[in-house]
Structures are given as structure tokens and as C-alpha cells.
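K.L.:
So the sequence shown is numbered by this note's numbering: it starts at 24 and just counts up by one. Heads up, the beta-carbon is just placed ideally off N, CA and C, and yes, glycines get one too. Since we're looking at a predicted model, the values are computed, not measured.
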Amino acid sequence: MTQSTPTSETLGFQTEVKQLLHLMIHSLYSNKEIFLRELVSNASDASDKLRFEAIDRPELFEGSSDLAIRISIDEAARTLTISDNGIGMTREEAIANLGTIARSGTKEFFSQLTGDKQKDAQLIGQFGVGFYSSFIVADRVSVLSRRAGTAPSEAILWESAGEGEFTIAAAEKATRGTDVVLHLRAEEDEYLTSRRIREILRRYSDHISLPILMKKEEWDAEQSKQVTTDEDETVNQASALWARSKSEVTEEQYKEFYKHVAHDFDEPLAWTHNRVEGRSEYTQLLYVPKRAPFDMWDRNAKHGVKLYVKRVFIMEDAEQLLPGYLRFVRGVIDSADLPLNVSRELLQESRDVKAIREGSTKRVLSMLEDLAENKPEDYAVFWEAFGQVLKEGTGEDAANLERVSKLLRFASTHTGNETQSVSIADYVSRMKEGQDKIYYVTADGYTAASHSPHLEIFRQKGIEVLLLTDRVDEWMLSFLRDFDGRTLVSIAKGGLDLGALADEEEKKQQEEVSENFKPLVERLKTALGERVKDVRVTFRLVDSPACVVVDDNELSPHLLRMLKAAGQEAPASRPILEINPQHALVARVQDVGDAVFADWAEVILDQALLAEGASLEDPTAFVRRVNNLLLAGIAPQASA
Numbered sequence: 024m025t026q027s028t029p030t031s032e033t034l035g036f037q038t039e040v041k042q043l044l045h046l047m048i049h050s051l052y053s054n055k056e057i058f059l060r061e062l063v064s065n066a067s068d069a070s071d072k073l074r075f076e077a078i079d080r081p082e083l084f085e086g087s088s089d090l091a092i093r094i095s096i097d098e099a100a101r102t103l104t105i106s107d108n109g110i111g112m113t114r115e116e117a118i119a120n121l122g123t124i125a126r127s128g129t130k131e132f133f134s135q136l137t138g139d140k141q142k143d144a145q146l147i148g149q150f151g152v153g154f155y156s157s158f159i160v161a162d163r164v165s166v167l168s169r170r171a172g173t174a175p176s177e178a179i180l181w182e183s184a185g186e187g188e189f190t191i192a193a194a195e196k197a198t199r200g201t202d203v204v205l206h207l208r209a210e211e212d213e214y215l216t217s218r219r220i221r222e223i224l225r226r227y228s229d230h231i232s233l234p235i236l237m238k239k240e241e242w243d244a245e246q247s248k249q250v251t252t253d254e255d256e257t258v259n260q261a262s263a264l265w266a267r268s269k270s271e272v273t274e275e276q277y278k279e280f281y282k283h284v285a286h287d288f289d290e291p292l293a294w295t296h297n298r299v300e301g302r303s304e305y306t307q308l309l310y311v312p313k314r315a316p317f318d319m320w321d322r323n324a325k326h327g328v329k330l331y332v333k334r335v336f337i338m339e340d341a342e343q344l345l346p347g348y349l350r351f352v353r354g355v356i357d358s359a360d361l362p363l364n365v366s367r368e369l370l371q372e373s374r375d376v377k378a379i380r381e382g383s384t385k386r387v388l389s390m391l392e393d394l395a396e397n398k399p400e401d402y403a404v405f406w407e408a409f410g411q412v413l414k415e416g417t418g419e420d421a422a423n424l425e426r427v428s429k430l431l432r433f434a435s436t437h438t439g440n441e442t443q444s445v446s447i448a449d450y451v452s453r454m455k456e457g458q459d460k461i462y463y464v465t466a467d468g469y470t471a472a473s474h475s476p477h478l479e480i481f482r483q484k485g486i487e488v489l490l491l492t493d494r495v496d497e498w499m500l501s502f503l504r505d506f507d508g509r510t511l512v513s514i515a516k517g518g519l520d521l522g523a524l525a526d527e528e529e530k531k532q533q534e535e536v537s538e539n540f541k542p543l544v545e546r547l548k549t550a551l552g553e554r555v556k557d558v559r560v561t562f563r564l565v566d567s568p569a570c571v572v573v574d575d576n577e578l579s580p581h582l583l584r585m586l587k588a589a590g591q592e593a594p595a596s597r598p599i600l601e602i603n604p605q606h607a608l609v610a611r612v613q614d615v616g617d618a619v620f621a622d623w624a625e626v627i628l629d630q631a632l633l634a635e636g637a638s639l640e641d642p643t644a645f646v647r648r649v650n651n652l653l654l655a656g657i658a659p660q661a662s663a
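#1: Could you tell me which whole alpha helix (DSSP H) segments of length 4 or greater appear in the segment 532-563?
#2: Spell out a yes or no on whether the segment 218-236 and the segment 277-289 are touching, meaning 3 or more CB-CB pairs, one atom from each, closer than 8 Å.
#3: Could you name each continuous alpha helix (DSSP H) segment of 4 residues or more that falls completely within the segment 200-256, going from the start of the chain to the end?
#4: Looking at the secondary structure, which residues open and close the alpha helix (DSSP H) in which Glu-601 lies?
#5: So, at 8 Å on beta carbons, what are the nonlocal neighbours of Val-451 in its own chain, with the 5 sequence-adjacent residues on each side left out?
#6: Classify Glu-85 as helix, strand or coil using the three-state DSSP reduction.
#7: Are the beta-carbon atoms belonging to Ile-110 and Lys-72 less than 8 Å from one another?
#8: Going by other Cβ atoms of all chains shown within 10 Å of its Cβ, with 16 needed for buried, is Arg-199 buried or exposed?
#9: With a threshold of 8 Å between beta-carbons, can Leu-44 be considered close to chain E, or not?
#10: Does the beta-carbon of Gly-468 have 16 or more other beta-carbons within 10 angstroms, so that it is buried, or is it exposed?
#11: What does the alpha-carbon distance come out to for the pair Ile-599 and Arg-426?
#12: Looking only at its own chain, which residues have a Cβ that is under 7 Å from the Cβ of Leu-83, when we skip the five neighbours before and after it?
#13: Using the Cα positions of Met-390 and Asp-340, report the straight-line distance between them to the nearest angstrom.
#14: Under the three-state reduction of DSSP, which class applies to Phe-317: helix, strand or coil?
#15: Excluding the 5 residues flanking Gln-307 on each side, which residues of the same chain have their C-beta closer than 6 Å to its C-beta?
#16: Tell me, which residues are paired with Ser-435 by DSSP?
#17: Just how far apart, CA to CA, sit Glu-635 and Glu-279?
#18: Reducing DSSP to helix, strand and coil, say where Gln-443 ends up.
#19: Can the beta-carbon of Glu-182 be found less than 8 Å from the beta-carbon of Phe-189?
#20: Nearest CA to the CA of Leu-519: which residue from His-206, Phe-645, Arg-559?
#21: Using the three-state DSSP reduction, which class does Asp-629 fall into: helix, strand or coil?
#22: Taking the CB atoms as reference points, tell me whether Leu-167 and Asp-202 lie closer together than 8 Å.
#23: For Asp-467, name the three-state secondary structure that DSSP assigns.
#24: Put Ile-159 into one of helix, strand or coil per three-state DSSP.
#25: Does the segment 642-654 touch the segment 572-579, meaning 3 or more C-beta pairs lie closer than 8 Å?
#26: Please state whether DSSP places Ile-147 in a helix, a strand or coil.
#27: Between Met-19 and Val-512, what straight-line distance do the alpha-carbon atoms span, to the nearest angstrom?
#28: Please confirm whether Leu-430 and Leu-413 have their CB atoms less than 8 Å apart.
#29: Throw me the rounded Cβ distance for the Tyr-155 and Leu-44 pair, which I believe falls under 8 Å.
#30: Go ahead and label Gly-35 buried or exposed: buried means 16 or more other beta carbons lie within 10 angstroms of its beta carbon, across all protein chains shown.
#31: Within 10 angstroms of the Cβ of Trp-294, are there 16 or more other Cβ atoms? Answer buried if so, exposed if not.
#32: Under a Cβ-count criterion, where at least 16 other Cβ atoms within 10 Å of its own Cβ denotes burial, should Arg-611 be classed as buried or exposed?
#33: Would you report the Cα separation of Thr-38 and Arg-93, rounded to the nearest angstrom?
#34: Which full runs of the beta strand (DSSP E) of 3+ residues lie inside the segment 335-417, going along the chain?
#35: How would you call Trp-406, buried or exposed, if buried means at least 16 neighbouring beta carbons within 10 angstroms?
#36: Starting from Ile-92, trace the beta strand (DSSP E) in both directions and tell me its first and last residue.
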């Protein structure tokens, strides 16, 4: 930083701002007209903030409460100016808002950039570009701003060419608010024509509730051209879009309003627009995005809808209006009952807010149900982006557990691929005659789940199993215990009970085999000692010699591994070893002598643990035992 004068200084942009400027200029150039949408949106936000602060401090209006946005063109100077009479900025606010990106997850955002202009453009759209989009069309930007309630001499002038630094100096401004002056590049003449600017404003900013003013143009017959008059005219409809009747709003207007309210470049997947009357009166316009924001999993990031009271903006990201598992929803809720000076603390206690939250939750779930039933391809897009978040609803929203559970999707042995496209209702419709349980297996990934030895008997009998591989699944299962009267059962817990799916002849044979293998079971128990809780014969295996399971009331091995990986203390647990009496390896072990039996027992247990996805406590000992057994098997052939 180098100081030029006592009232003017030159400062360097934050590193992330430099990166963002470079990316926008090169990646967003094909869609450069969005700069005007972004600047008008900022001007609208500034006016919303003034309205809110003036609730307690009406003097901030400085005698004029008529808010508007003005667009002016100076062809001679090659400037386009976007002015508002909103809240304005102090020197410190200008440096913070225009020189830095104070957003959590910024580093993660830049780490996701690929260098592919099209993909990066989509990511930048999710991040939000705002003011910095000015530099797509301008080689220099000047910002003159005075915060409401300060003296005219306390205004500031911020200027930059977008090349790494900016200057900020003291200035005079008679009126509150902000003027953003774009000094357009030589090749951007189209933005010096009133017709082009009006076209962009009507396309992208018609929904802005403030009037957007431009000087009226009239045809001058003598000069045979359009001339600018001194009379102002409103370019947009200047009414809150959500307050209009649904019949008055076009699909295109709904989509553009979404881009404004969500700061997203993509169109939404779906939306719902309703006016609710009764005990609580409010209007809701809620959207489901196509893609998750880059900071969806950031605990410090705020997510939620915008709250208005009687069309006066109250707060951004009012998370009390929807449960956490619907934090991907964007939009506006406008209440007719809440006080204008409502705080986040009051929102938590308000009965009206509780009614809005319940009603809005039901509306969003209805929107998702409609999407799932009538637009399955769009729902698949939604599920890929937000499926893991929606699963949180099983534990957060007991009142809507049944509705949420019907919206869940999983991979399964029926589809043969890792796409999560199977609903539990789909599963139930394919259940075998006599099947009364919904079977699932959890694992660290699709490959581990689909290759689990626990699946072998189910594949042989053609019984479908859900493959659960998301980190949230284990938590979800502690709440989602049944569906439509059928219990969800882990195939890796407890003893295998196929009920009516196993015929009486099978059961009789299994009892006989179990009796014959009792001596081997006892030898294994003795050899393995404290490493196992129990050893028993199983008939859930077809191709594998053994597997490990836990009791029904114990945490699954998969969950225990996740707890350890997260640095949390996991309860001590010993597996149950189950052996397959029909496997050749088990048959051979039955006859080996005591000298090598202990090694065989340890190797069979360690193999079962590895197949389960566990890590061995002593992998070196496992390798040594395997080598010894291999050599023992090779030795007779070598001597022969």
C-alpha cells in the first residue's frame, strides 16, 4: 500500500479478487450483458438495506423516501452509469465490499476451477460475480458513494482499471447512495445505445420492485432520429414479482427472478409461487436450483430464503423459514403479519414463523414430489446435487418423515450400476413373495458395497438389496427404520433370517451341517480368543469362505470406521466370524493339524475383515502367515 495524499490512497486487490477478475473477463465474455443485471441487482439490494435500517432510523431517508435506480448514457464520454439512492458506502465499506471477497469457501471455489471456460463460467455463476462483472465491458470503473446519514463531504470515490489495484479518495456527493460509472472498452459501443440497454433491463431486471429510470426518447422529425428528452420514464414493471398474480408472470420472468435472487447463472429446476391466507398471511416464491453451491457443506456458510415483511426487505438467508435439510432452496417469503423490526431471535420464537416454516416445508416437498413423479430426469439432476442433503430430513423432520422417505433414492443390486435411482417404493414393488423385510448393505463406496460377501445368498435367490454408500446413510438409518410397514434390515448385522424365503428342506439341511461343524467352530473360537465375539456357521455365503458381522444392537463396522476417521472415539467392538461350510478352504482347515491351525484361523478372520473394508491392526503378521501357509502348500510338490 502506498499513500498518495492524506485523503487518497492506492490499495491492492485481494489475491482472490485478481483471480476472479481474470476469470470473468476471459470466461464470461460470451455472456457479458449480465454485468447490467448484476449492477442493477446490487442497486436494488442497497435500497432494500436502506428501507430496513430506516425502520428504526427514519432520518436516513434524508427527507426523501422515494427509492429508484437510474441508468444514464454519455456517448461523448463513453460512460454508462448505474445510480441508486440506497444505503451507500463509507470508506471502510467500499474497501471491504469492492476490494475483497469476504466469503467462506473462497479457496475451495478456486481449487475447483479447471481452465475450461464453459465449466468455469458455470462455477463462477454459482459463486456470484456481482460488482466485478463491470470489468467484462469496462476498462475503468469509478464508484462515487455516500452512506445515508453522513455529510456530503464524507463521500468517497473508488476507481480501478481492474488490473490489481484500486484508488480510494475523499469526495463530495450531495445525495446519498452510489453511482457506478463504467468507462466502456472501445469495442463495447452497443452499451452506449439506449435501445440495447432497455432490452437488457426488460429481459433481466423487469422483476426489480424499484422503478428503473432512464431519460425518455422521442422521435425528432427535423433530425430524423431519436433524441433524449429531460423527462424520466420507468423501464421495468417496478412491482415485486412475487406480489403479482401467477397469471401475470411469464416463465421467463420467473427464471430471471431466480437468477437475481439466487445469484446463479443457471435456470432453476422447479419453482412454486403461492399466496397463503388463514392464521398467517404470506406469499412464497421458492426455487429448486440445478446445482449445489460450492459452499453447500460449509458449516459457516449461511443458506436460506430472503425474508420480506409487507414487501420491505428484512434479512438475507433467513434460515428459520425452512429446515436445514432444505437449505438448497432459494427464493422469497413475504409476510403480512411479522413486525418490520423482527430480529433473528424473534424469528425463532414467533408462532407466525413456525406456521410459515411448516407451510413452506410442505410446499417444497410437494414441488419435489411433482418433480419425481412427472419429470424423473429433472429429479435425477436434483438428486445428484442435493440427495445427501435431503437425507438429513429423516432425522430433522419427524413430522414429514414418510414424505421425505418416499423421495429418497439409492443404488441397488437390481440396477447393476452406481446411479442412485431406486426409491424404496420401487424396491417394495419388486419384493419376492413371502419377503417381509427391506434389505440393505452399507459400505465406503459402490464397488465395496456391490462386492460385499454378504450379498452372495441374496444374489443366488434373486433378492434385491439396497447399496448405501453416502456418509450420511448410517445416520439416516437410525431414523429410517421402516417403510410402509416393512422393517429395513442390514444384511451385515445379526444372524441371517430369510423367513419364508428359506424352505423347510433348506432349514433342516442347515441344522445338520451346523451340528457337523461344531468341532471346527470350537477350535476357531479357541484359536482366535479375544479377537472375536463368537464364531458360527453361516449360510449367507456362496463363494466366500467367511465373513464378519455384528449383533443387531451394535454399530456397523462401516460406521465405526467413519467415527475413527473423523477423530471421534468409537466404542470397542469385536466381530462375529461366520464360516461357510460349503467352501473348500473351510473344509481343508477342518483337517489341518494344530501346528498350523492358529495361522489358518487368523488368515480366515483377516481375509473376512479385509472383504468388509476394514484395516488390519497388524498387516505384517497377516502377510507372514499367508507366506508361511503358501510355502507349506508348495513344499510337497517341490520335494516331489
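P.N.:
Quick answer:
#1: 541-551
#2: yes
#3: The qualifying runs are 217-227.
#4: No alpha helix (DSSP H) contains Glu-601, which is instead part of the beta strand (DSSP E) from 599-602.
#5: These residues qualify, in order along the chain: Ile-461, Phe-506, Asp-507, Arg-509.
#6: coil
#7: For Ile-110 and Lys-72, yes; Cβs fall inside 8 Å.
#8: buried
#9: Checking the listed chains, one finds no chain E in this structure; it contains a single protein chain.
#10: exposed
#11: Arg-426 has its alpha-carbon roughly 37 Å from the corresponding atom of Ile-599.
#12: Excluding sequence neighbours, Leu-83 sits near Leu-73, Glu-76, Ala-77, Ala-171, Gly-172.
#13: 21 Å
#14: coil
#15: Asn-297, Ile-356, Ser-383
#16: According to DSSP, Ser-435 bridges with Leu-489.
#17: 50 Å
#18: coil
#19: yes
#20: Out of His-206, Phe-645, Arg-559, Arg-559 has the C-alpha closest to the C-alpha of Leu-519.
#21: Helix, per DSSP.
#22: Yes; because the gap between Cβ atoms is below 8 Å, this pair is in contact.
#23: coil
#24: helix
#25: Counting C-beta pairs with one atom in each stretch, the segment 572-579 and the segment 642-654 have fewer than three that are closer than 8 Å, which means they do not touch.
#26: Reliability of the predicted coordinates at Ile-147 is poor, the pLDDT of 48 falling under 50, and no value is obtained from them.
#27: An answer regarding residue 19 cannot be provided, because it is not within the stretch 24 to 663 covered by the chain.
#28: yes
#29: 6 Å
#30: exposed
#31: buried
#32: exposed
#33: The alpha-carbon atoms of Thr-38 and Arg-93 are separated by roughly 32 Å.
#34: Qualifying beta strand (DSSP E) stretches, in chain order: 335-341, 353-358.
#35: buried
#36: 92-97
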